[in-house]
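Residue numbers (our numbering), protein chains in the order written: chain A, 1 to 436; chain B, 1 to 346.
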């Protein structure tokens, strides 16, 4: 008997020990699991910090541009020898020559063709554009002398920003020793200045890095997303409402549902091919137009909007519907007056996230000709245009070194827009969200 | 209701746009190599004339010619750039689609460089060595008459003891790139032809000849680094043991970081490529649809801008962008034929 009691006690003891071990193990597993989660979050955060940090590090200098102050004589002989003040003539006149004269007068000791060329190369071709603008705005300036700040060329700008090292041998630099000496002299005279690069936000694309800006791409993105929103939002919401509230549950609606879910996972380039075949080749819509880009991106974002819209409708408790129907509302009234307003915040969130995705797309736009060099800023959805991510792609592929910082800067702007759109989605959700 | 009317308005715009036929803006497609030059001309043209700035798309030479030859009419491009000459089959395809008269303009040349990081020594390669390093199949023992075997060379010194004892690692463009086509044609085929038995093959079995002379090895010694040449330059800096293959303008912009290898004893400099001494260089072209010169405003002016001395001359702004200008007499001839829209005949 005592033996049995002893055995039972020993058994109980060993079982307790085993249990304690198991519990310890379970706690350890749980701790590890939590650690994995935290590690995942840390890695993701680090990646984000590295991404934004490297972009900001490389791109911050693009928001600054070096300017030089020079005196330009708007020589009537060279601009308008006949004195006709004809706009066409004034537009074609040799402003580049005026700029060259101005910088040579600043350094009269420079002789020799090669040196003169090297000297002129310090000034951006944007200087001639600026003079042209002054003359075209007010023809009375012809014959006078203006003292204005004009942008330096990309190489000089890169040097002043410290990207070109003056200590490497002359043959390996984009600027020679003389050019550096001239820049030093201008700097000593106080004729050089670094300013906020307003042009980066105000002008379209250019092959000269110091003149290139993102306004054309931003306008293109705006028109493209406008078309996308106008097409995808009403269509997506109506589809979601029909499928969720009205459609009978049968094999056909199941098939449609599966297809919509699959469509959300189709690679975006496929939509580009579709756009090329249907919108361009069949419907003969213009190439490179935000209209077509918006239509293609609308197809791409539709599934996102439909799926999030249905989820939002599903989240509205049936009691709301039943109450509305109970007091005599028709099904349409119940949906439009009671269910939809409650589901709207969720639908808007889905739409904004879909639009943010569309904002970052380049692949489908490649097929419809929106990956192009376009200088003129688009004035409407049928003008040729490009979009921000495409602009980044084009600059990343340009040989001029000054485009490296501009690529990073444009990426920062794109990221800012994406963060803004996601923030709006969060705010909308927080503001209108209802819990039951 | 409002939403519905907006949707209707959009559809109406679509319908109107579909009917809009006239176009007052030049449309250019084609080679990514010519793209930097065509865009520079387009920009200067837009600034100095009353016309709109042309839209330039970078579609690759082959893709550009396909779009260009798809038909005549405002929905098709007016000009296509090419980093190789138009093929006879393409001219025929053009004619079949109603694009009869085309004007050809040769604009200059571009060198393809084989470069490495400044921190290592400059290489002096021959075309044969380039072929032996990068071809898929080479004659056994790297000697003429050897049986063709899968490329066994892993070190540069395997090819020639005078070359450094370093692993063969070359970053270059993928097969979709025109630079790759030109590199295969000029450098690899150039080296391939130095073996008499391979050269003889060109006459007997053209297909096999092309497969051997243009075939790039796939065992990891040649790394396809994507179309972005800037990326290759960055990778060369990070990895001094590697060589990179890309257009001359990228070497020109990064002379403080990378150096071009001599090929056949000739350094890839502006002067050497212009003089035709550097062996890996190719001509660049663009093609104009003559029928469009009347219907699209500004095409003649665009041609005049492109073929003006201030653009494509030795001191012009295209030279600044890395274009190697043509000799003066050739420039004059091509400018004249462009002005007259002299149709191409093959």
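C-beta atoms are modelled at their ideal positions from N, C-alpha and C, and glycine is treated no differently.
Residue of A:219, A:192, A:187 minimising C-alpha distance to residue 202 of chain A: A:219
Within the region 30 to 64 of chain B, ranges of the beta strand (DSSP E) (whole runs, at least 3 residues): The qualifying runs are 55 to 57.
Proximal chain A residues relative to residue 39 of chain B, where beta-carbon distance stays under 7 Å: 207, 373
Assumed close pair residue 305 of chain A, residue 233 of chain A - CB separation to whole angstroms, cut-off 8 Å: 7 Å
Three or more C-beta pairs below 8 Å linking the region 251 to 264 of chain B and the region 104 to 124 of chain B: yes
Pair within 8 Å by beta-carbon distance, residue 224 of chain A and residue 387 of chain A: yes
Residue 20 of chain A burial status per 10 Å Cβ neighbour count (16 or more: buried): exposed
Per-residue DSSP class, three states only, for residue 244 of chain A: helix
CB contact check: residue 81 of chain B to chain A, cutoff 8 Å: no
8 Å Cβ shell around residue 277 of chain B - same chain, five flanking residues per side excluded: 266
Beta-carbon proximity list for residue 191 of chain B, same chain, < 6 Å, skipping 5 on both sides: Taken in chain order, the residues that qualify are 127, 128, 130, 131.
Three-state class that DSSP yields for residue 109 of chain B in the structure shown: strand
Chain A residues whose Cβ lies nearer than 7 Å to that of residue 56 of chain B: 372, 373
Between the CA atoms of residue 391 of chain A and residue 182 of chain B - distance to the nearest angstrom: 27 Å
Closer than 8 Å to chain A by CB, residue 36 of chain B: yes
Own chain, CB closer than 7 Å to residue 144 of chain B, minus 5 neighbours either side, in chain order: Closer than 7 Å at Cβ, skipping near neighbours: 195, 196, 197.
Neighbour flag for residue 75 of chain B against chain A, beta carbons, 8 Å: Judged by the 8 Å Cβ criterion, residue 75 of chain B is in contact with chain A.
Per DSSP, cross-strand counterpart(s) of residue 145 of chain A: A:73
Proximal residues of chain B, C-beta to C-beta of residue 91 of chain A below 8 Å: Per Cβ cutoff of 8 Å: 48, 49, 50.
Identified DSSP bridge partners for residue 65 of chain A: In the DSSP output, where bridge partners are listed per residue, residue 65 of chain A has A:195.
Residue 242 of chain B versus residue 117 of chain B: straight-line alpha-carbon distance, rounded: 8 Å
DSSP state of residue 163 of chain A mapped onto helix, strand, coil: coil
Same chain, Cβ closer than 7 Å to residue 20 of chain B, neighbours up to 5 away in sequence not counted: With a pLDDT of 47 at residue 20 of chain B, under the threshold of 50, the modelled position of this residue cannot be trusted, and the question is left open.
Limits of the beta strand (DSSP E) - the one that residue 149 of chain B falls within: 148 to 150
Per DSSP, the bridge partner or partners of residue 81 of chain B: B:30, B:286
Residue 399 of chain A beta carbon less than 8 Å from that of residue 58 of chain B: no
Within chain A, partners of residue 53 of chain B - CB distance below 8 Å: 374, 375, 376
Extent of the continuous beta strand (DSSP E) to which residue 389 of chain A belongs: No beta strand (DSSP E) holds residue 389 of chain A; the alpha helix (DSSP H) holding it covers 388 to 396.
Below-8 Å beta-carbon distance, residue 322 of chain B vs any chain A residue: yes
Against chain A: residues of the region 236 to 253 of chain B by CB proximity under 8 Å: 247, 249, 250, 252, 253
Chain D contacts from the region 151 to 168 of chain A (Cβ-Cβ distance under 9 Å): Protein chains in the displayed structure are A and B, and chain D is not among them.
Proximity of residue 296 of chain A and residue 368 of chain A at Cβ, strictly below 8 Å: yes
Simplified DSSP assignment, three categories, for residue 285 of chain A: coil
Top-ranked residue by Cα proximity to residue 240 of chain B, from B:67, B:61, B:170: B:170
Cβ-Cβ distance between residue 322 of chain B and residue 252 of chain B below 8 Å: yes
Test: residue 127 of chain A CB closer than 8 Å to a CB of chain B: no
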